[in-house]
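In this text, residue positions in the sequence shown follow the UniProt record's numbering: the first is 1, and each later residue adds one. Note that beta-carbon positions come from the ideal geometry of N, C-alpha and C, so glycine has one too. Heads up: the structure comes next, in C-alpha cells.
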Amino acid sequence: MAPHATLPPLRGRVQAAAPLAPLTWFRVGGPAEWLVRPADADDLLLLLRDLPKAVPLTVIGAASNLIIRDGGVRGVVLRLAGRGFGAVVAEADGIIAGAAALDAVVAEHAAAAGLAGLEFLSGIPGSIGGAVAMNAGAYGREVVDALDWAEVATPAGLLRLDAAGLRMAYRHAELPPRGVVVRARFRAMPGDATRIAAEMGRIRAAREATQPVRARTGGSTFRNPPGAKAWALVDAAGCRGLRLGGAQVSELHANFLLNTGDATAADIEGLGETVRARVLAQSGETLDWEIRRIGEVAA
Numbered sequence: 001m002a003p004h005a006t007l008p009p010l011r012g013r014v015q016a017a018a019p020l021a022p023l024t025w026f027r028v029g030g031p032a033e034w035l036v037r038p039a040d041a042d043d044l045l046l047l048l049r050d051l052p053k054a055v056p057l058t059v060i061g062a063a064s065n066l067i068i069r070d071g072g073v074r075g076v077v078l079r080l081a082g083r084g085f086g087a088v089v090a091e092a093d094g095i096i097a098g099a100a101a102l103d104a105v106v107a108e109h110a111a112a113a114g115l116a117g118l119e120f121l122s123g124i125p126g127s128i129g130g131a132v133a134m135n136a137g138a139y140g141r142e143v144v145d146a147l148d149w150a151e152v153a154t155p156a157g158l159l160r161l162d163a164a165g166l167r168m169a170y171r172h173a174e175l176p177p178r179g180v181v182v183r184a185r186f187r188a189m190p191g192d193a194t195r196i197a198a199e200m201g202r203i204r205a206a207r208e209a210t211q212p213v214r215a216r217t218g219g220s221t222f223r224n225p226p227g228a229k230a231w232a233l234v235d236a237a238g239c240r241g242l243r244l245g246g247a248q249v250s251e252l253h254a255n256f257l258l259n260t261g262d263a264t265a266a267d268i269e270g271l272g273e274t275v276r277a278r279v280l281a282q283s284g285e286t287l288d289w290e291i292r293r294i295g296e297v298a299a
C-alpha cells in the first residue's frame, strides 16, 4: 500500500508497519499496515472522506477490551489520541467528553464538578469512544442510561446521534458504515460531593478486590447470557486457573483472561475458545465474546 496513493495529506501522525502490541492491555499482537493518529476531527473527516473503500479501516481506542491477532492488521488502523480528542467539559447538567478521554477521567471530572450519575464510568477500563461503541457498563448502569448524544465522523460528514439512533442494546451499538465516535455528551445531575466520592471509592475498591486490575488482561471476556453470569458458568465448567501457553483464566475472576508474561494472541484467543467449548459441554450455554478480536492469524 503506497501511502501517497492511498492516504490523503493528513496533519496527524502516519506510521507504516506500526507495532500495536504496546498499545493494547494484553500486550500481544502483530503490527498495523498503517497506524493513523489524526490531529483533530477535521483531519479525521478528511481521512474518512478520501480513504478508498477498498482499504480496510479498523478503529481502536484504549485497546483495553481487544485482542490483536499475531499476524497484524491490514489496511489502516485508526487511533484517536491527544488534545484533539481528549477534552472533557463539565456543564450544569452533564459532561461533554472527547472519544480519547478515559472513562475514569470523565467520572473524575463529573465528581469534581459536583455532578452525580456518572460514577459507574470509574469502573469501566478504556476510553469514551469505545464505551459508546459497545454500550459499555458496570455496577448496574450502562452508557445508554446516561448518553444524550454522540458525534460520529463518517465519510459523508459529522453526525449527531442519540441512543435510539445508535440502536443501543446490551454491549452493542450500531455505528454508521466507517463511523468513528468523536465525542459524546452524558446527562448528569447536581449531587452531594461526599456521596459521589464515596460511590466512586466503593467502585474502585470492588474492582480491586474482585478483578485482576494490575494484570495484562482485556477486561470482561464474555458477555453475560440472559439470566446468567459468565464468570459463574466458566467457574462451574472447571476453567478457573486454566492455562494455554502463556495465557491463563484468572484465579481471581473467572471471566478475565491473563497474559502471564509470554502469551501470544493465539494463546489468549485459543484459551477463550477452550473455555467456550467447556461451558457449552457443561451447561449448554453458548458464551459470546465481549472482547473484540481483530487482525490476521499468524502464518
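request  = Can you tell me which of the three DSSP states Glu108 falls into?
outcome  = Here Glu108 carries a helix assignment [DSSP, helix/strand/coil].
task = Taking only the alpha-carbon atoms, compute the straight-line gap between Ala230 and Asp70 and give it to the nearest angstrom.
result = Going by the C-alpha atoms only, they are around 26 Å apart.
message = For Ala101, which residues in the same chain have their Cβ closer than 6 Å to its Cβ, ignoring the five residues on either side in sequence?
response = So the qualifying residues of the chain are Gly86, Val88, Ile128.
query = Can you name, in chain order, every residue of its own chain whose Cβ lies under 6 Å from the Cβ of Arg185, other than the five neighbours on each side?
reply = Excluding sequence positions up to five before and after Arg185, its CB lies within less than 6 Å of the CB of Gly94, Ile96, Asp148, Trp149, all in the same chain and listed in chain order.
query = Under a CB-based cut-off of 8 Å, is Ile268 close to chain D?
reply = No chain D appears in this structure, which consists of one protein chain only.
inquiry  = Using only the alpha-carbon positions, how far apart do Tyr139 and Val297 sit?
reply    = Annotation: Tyr139 to Val297 spans about 35 Å, alpha carbon to alpha carbon.
inquiry  = Can you look up Ile268 in the DSSP assignment and give me helix, strand or coil?
reply    = DSSP places Ile268 in helix when its eight states are reduced to three.
Through-space distance from Leu23 to Pro190, alpha-carbon basis = Computed Cα separation, rounded: 36 Å.
Neighbour-count burial assignment, Pro31, 16 or more Cβ in a 10 Å radius = Buried, since its Cβ has 16 or more Cβ neighbours within 10 Å.
query = Going by C-alpha distance, which of Arg49, Glu285, Ala266, Gly130 is nearest Phe26?
reply = Among Arg49, Glu285, Ala266, Gly130, the Cα nearest to that of Phe26 belongs to Ala266.
ask   = Looking only at its own chain, which residues have a Cβ that is under 7 Å from the Cβ of Met200, when we skip the five neighbours before and after it?
value = Once the five neighbours on either side are set aside, the close Cβ partners of Met200 are Ala107, Ala111, Glu119, Ser122.
request  = Could you check which residue in Arg74, Asp42, Ser64 has the C-alpha nearest to that of Glu151?
outcome  = Nearest C-alpha to Glu151 among Arg74, Asp42, Ser64: Asp42.
message = So, for Asp235: in the same chain, excluding its five sequence neighbours on each side, which residues have a beta-carbon less than 7 Å away from its beta-carbon?
response = Ala254.
key: Contained alpha helix (DSSP H) runs [length at least 4] in the segment 108-142, N- to C-terminal order   = For the segment 108-142, whole alpha helix (DSSP H) runs of length 4 or above, ordered along the chain, are 128-134.
message = Which residues does DSSP list as the beta-bridge partners of Ile203?
response = Beta-bridge pairing links Ile203 to no other residue.
query = Are there three or more Cβ pairs, one per stretch, closer than 8 Å when the segment 48-59 is compared with the segment 271-281?
reply = The answer is no - the segment 271-281 does not touch the segment 48-59, with fewer than three Cβ pairs under 8 Å.
request  = Measure the CB-CB distance between Leu78 and Leu45 and report whether it falls below 8 Å.
outcome  = At the C-beta level, Leu78 and Leu45 stay beyond 8 Å of one another.
Residues near Asp288 by beta carbon distance below 7 Å, same chain, minus five either side = Cβ neighbours of Asp288 within its own chain (closer than 7 Å, five residues either side excluded): Phe222, Arg223.
ask   = Would you report the Cα separation of Leu158 and Val181, rounded to the nearest angstrom?
value = Take the alpha-carbon of Leu158 and the one of Val181: they are about 10 Å apart.
key: Residues near Thr6 by beta carbon distance below 7 Å, same chain, minus five either side   = Cβ neighbours of Thr6 within its own chain (closer than 7 Å, five residues either side excluded): Pro52, Val55.
inquiry  = If the criterion is Cβ atoms closer than 8 Å, does the pair Gly218 and Leu257 meet it?
reply    = Result yes, Cβ atoms of Gly218 and Leu257 sit closer than 8 Å.
Own chain residues within Cβ distance below 6 Å of Ala173, not counting five before or after = Closer than 6 Å at Cβ, skipping near neighbours: Ala133, Asn135, Leu166.
Per DSSP, cross-strand counterpart(s) of Arg160 = Note: Arg160 sits in a beta bridge opposite Glu151.
ask   = Who are the Cβ neighbours of Cys239 in its own chain at under 7 Å, not counting the five residues just before and after it?
value = Same-chain partners within the cutoff: Val249, Ala254, Val275, Arg278.
query = From residue 308 to Arg11, what does the alpha carbon distance come to, in whole angstroms?
reply = Summary: the structure shown does not reach residue 308, with the chain confined to residues 1 through 299, and so no result is reported for it.
ask   = First and last residue of the alpha helix (DSSP H) that includes Arg49?
value = Taken as a continuous stretch (DSSP letters only), the alpha helix (DSSP H) holding Arg49 covers 41-50.
request  = Indicate the three-state DSSP secondary structure (helix, strand or coil) for Thr58 in the structure shown.
outcome  = Strand.
inquiry  = Out of Gly261, Ala232, Ala228, Gln15, which one is the CA nearest neighbour of Leu244?
reply    = The residue with the shortest Cα to Cα distance from Leu244 is Gly261.
query = Grouping DSSP H, G and I as helix and E and B as strand, with all else coil, what is Pro22?
reply = Three-state result, Pro22: helix.
ask   = For Ala116, which of Asp192, Ala18, Thr264, Val14 has the nearest alpha-carbon?
value = With respect to the C-alpha of Ala116, the residue from Asp192, Ala18, Thr264, Val14 having the closest C-alpha is Asp192.
task = Given a cut-off of 8 Å, decide if Glu33 and Arg83 are closer than it, judged by their beta-carbon atoms.
result = Not a contact, by the Cβ cut-off of 8 Å.
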